[in-house]
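With mature numbering (1 follows the signal peptide of the UniProt record, and there is no 0) applied, the sequence shown covers -18 to -1, 1 to 495.
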Amino acid sequence: MRYLAFITTLILPVLSFAQQKLSTDSIYFYKQSEKENQYIYGSATHLNASKLESSGLASISYQNSIGHFRKAQEAEYNTITSIYTEGVNTLGRFKASGYFAFSRIYQDSLAWTTKGTELDAQTYYFVAAKAGKYERTDYQLGGILSYSLVPEKLYTGLGVDYNYRESTRSVDPRPKVNNYSLILKPELVYEFKNHYAGIQATWGYDKEDFTSMYKNDTYKTSTAYPERVTYLVYGYGNMRNYQNDQKMRRNGNHLGLALNYSGDFSRFKILTRIAYKELVEESRMKVANSINDSLLGTFYLNDLTARVLIKNKNKTTAQQLSVDFLSSTGYDKSSLYEATNYHYSRQVIDAEYLIRLNSQSPVSTEFGPSLSFERLEKIDVITTINTEVTGIESGLSGSLYVKSQKNNLFSFGAGISYRKPINHSLNVPELQTVNTFVKGVVYGNYEYDTSDFIKLKAGVNYVSNNLFKEFKTGFSVQGTYLSQINSKFTFPEATFSPNHQRLHLNLSLNLYF
């Protein structure tokens, strides 16, 4: 009941957004509009530039993922039940956007990780070869509040993002992880006619409390069960045995700066965002019979992101080009080695072009190509294990949109893409071929990253205007199917090998205000 009351208080504000000037189909229904709408939850610049004055969405969804074509530190089975709300409202000089998400996550057959978060770059974490069931509870809450200091000239804004997650596992070793983070994003925005430019700072912190214990003392003290042994990973292969119950704490600090821009020209509109963020994260081990913690090391992660969206709309067509870029680099400073042992580097570029024909008619079609580039490198200095993989994924998607005479909406979309590795290298010294992390994680991940695979997507969305007068209701079904075409590398000594297929399903019931 406590959770229900909390969720209700967050959903009720969305209901107040019922009076809207833009129809639901123009905000959430079309793929192009949905991608543009994402910007207003990231900065006060794009929030004020948007013509959207009031809107709201509440959704209950069920997600399921199953299949063996996955990475070694992903669950074979994954189920998520979630409640999500978002909305925009305007009151005088104030304008606000906000969101809330509550998720219950069930994972089965998850091994080689006890992380509370899903930050792949992170090091200093405990692992065990034994697969088990995890339960996670996740809360996400955030929003932006903007105030017009000088109407149509100068705005100030403050963004807040809060996340809390609990994670537990039901087999030995049994980790319990509590994570929470708070990010503040103050912003100053200047408007000149139809152009908005803003500068946004980022400051925040995160904390994690980790406890691992054994219920069965035999597993804790005996070496007869190697899959139950707990290790602490110092990089990507270098690890040490920590067989007993353990306690660890992380403290992270976030600093960043972003530049945002929105420009409305006579024939097209441009949305951009360039952001830099730095994470400095200390990991400390609890020392028995001592009030002091022992510093394991410090992890540094620097992210540079850039986004641009260009749209053109006339009486017959709507076109959109979106490009997203990420460059992430990380390294550690180990107290044990008094040096850097781990290097992480990842670069991603995603681009998509969409064109919708007959955009003003009751029946319209949309299609376009997409292209993704990804490079991932991990280096473990002590063990001299390193891996680098670069891949390209190209695809094509299409959608059909239908609006009935009663303003009911129906859409069907489908897409296909093909991923192919174009460059790859792996170095595992002879002495490390018996390393259980290499056999359980490194080999399997490398086989996955160097596989050719095909991805199929399909989805149906329906919105009814007739069930309730106050708001529209709808449901959607989305599916993604991955199938491995071939694998360039197989490792007979590997204890995990990805193959075959993987299926993702998403069912949701939606309310639009």
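All C-beta atoms, glycine included, are put in the ideal place defined by N, C-alpha and C.
Closest Cα partner of residue i within the set the options
i: residue 110; options: 423, 463, 285, 281; result: 423
i: residue 398; options: 362, 386, 437; result: 437
i: residue 56; options: 23, 98, 70; result: 98
i: residue 271; options: 229, 234, 52, 29; result: 229
i: residue 319; options: 44, 28, 220, 93; result: 220
i: residue 31; options: 43, 70, 393, 65; result: 70
i: residue 456; options: 495, 347, 247; result: 495
i: residue 197; options: 45, 153, 205, 204; result: 153
i: residue 211; options: 304, 43, 166, 113; result: 113
i: residue 171; options: 234, 245, 116, 447; result: 245
i: residue 307; options: 293, 277, 254, 316; result: 254
i: residue 462; options: 345, 386, 379; result: 379
i: residue 374; options: 439, 353, 225, 236; result: 353
i: residue 52; options: 425, 458, 450, 493; result: 425
i: residue 242; options: 178, 337, 195; result: 178
i: residue 292; options: 222, 298, 335; result: 335
i: residue 10; options: 420, 393, 321; result: 393
i: residue 136; options: 157, 176, 166; result: 176
Residue burial classification, residue i (beta-carbon count within 10 angstroms, cutoff 16)
i: residue 281; result: buried
i: residue 232; result: buried
i: residue 18; result: buried
i: residue 124; result: buried
i: residue 496; result: In the structure as shown, the chain starts at -18 and stops at 495, and residue 496 therefore has no counterpart that could be examined.
i: residue 466; result: buried
i: residue -5; result: Annotation note: pLDDT 47 at residue -5 (below 50); position unreliable, coordinate value reported separately. It is buried - the Cβ of residue -5 has at least 16 other Cβ atoms within 10 Å.
i: residue 381; result: buried
i: residue 20; result: exposed
i: residue 429; result: buried
i: residue 365; result: buried
i: residue 345; result: exposed
i: residue 94; result: buried
i: residue 126; result: buried
i: residue 147; result: buried
i: residue 274; result: exposed
i: residue 33; result: exposed
i: residue 47; result: buried
i: residue 502; result: Missing from the structure shown is residue 502; the chain here goes from -18 to 495 and no further.
i: residue 199; result: exposed
Which of helix, strand or coil DSSP assigns to residue i
i: residue 245; result: strand
i: residue 158; result: strand
i: residue 3; result: Note that residue 3 has pLDDT 45, beneath the 50 cutoff, so the model's placement of it is unreliable and the number below is only indicative. The answer is coil: DSSP assigns residue 3 none of H, G, I, E or B.
i: residue 132; result: strand
i: residue 394; result: strand
i: residue 275; result: strand
i: residue 19; result: helix
i: residue 104; result: coil
i: residue 34; result: coil
i: residue 422; result: helix
i: residue 227; result: coil
i: residue 478; result: coil
i: residue 449; result: coil
i: residue 263; result: strand
i: residue 413; result: helix
i: residue 11; result: helix
i: residue 56; result: coil
i: residue 148; result: strand
Presumed contact (8 Å Cβ cut-off) between residue i and residue j, rounded CB distance
i: residue 414; j: residue 49; result: About 29 Å; that fails the 8 Å criterion.
i: residue 145; j: residue 122; result: 5 Å
i: residue 238; j: residue 259; result: 3 Å
i: residue 159; j: residue 192; result: 5 Å
i: residue 67; j: residue 45; result: Contact flag wrong, Cβ pair sits at about 17 Å.
i: residue 403; j: residue 372; result: 7 Å
i: residue 72; j: residue 180; result: About 18 Å separates the two Cβ atoms, so there is no contact after all.
i: residue 96; j: residue 108; result: 5 Å
Residue range of the unbroken alpha helix (DSSP H) whose run includes residue i
i: residue 28; result: 26 to 31
i: residue 223; result: Residue 223 -> not in any alpha helix (DSSP H); beta strand (DSSP E) instead, spanning 221 to 223.
i: residue 426; result: 425 to 431
i: residue 203; result: 199 to 203
Heavy atom of the ligand SAH within 8 Å of residue i beta-carbon
i: residue 334; result: Among the components of this structure there are no ligands whatsoever, and the ligand SAH is therefore not found.
Unbroken beta strand (DSSP E) run spanning residue i, endpoints
i: residue 63; result: 59 to 73
i: residue 50; result: No beta strand (DSSP E) holds residue 50; DSSP gives it neither H nor E.
i: residue 331; result: 324 to 339
i: residue 355; result: 345 to 362
i: residue 79; result: 76 to 92
i: residue 370; result: 367 to 385
i: residue 315; result: 299 to 316
i: residue 186; result: 177 to 195
i: residue 454; result: 454 to 469
Beta carbon proximity, residue i to chain B, threshold 9 Å
i: residue 472; result: Among the protein chains of the structure shown there is no chain B, as only one such chain exists.
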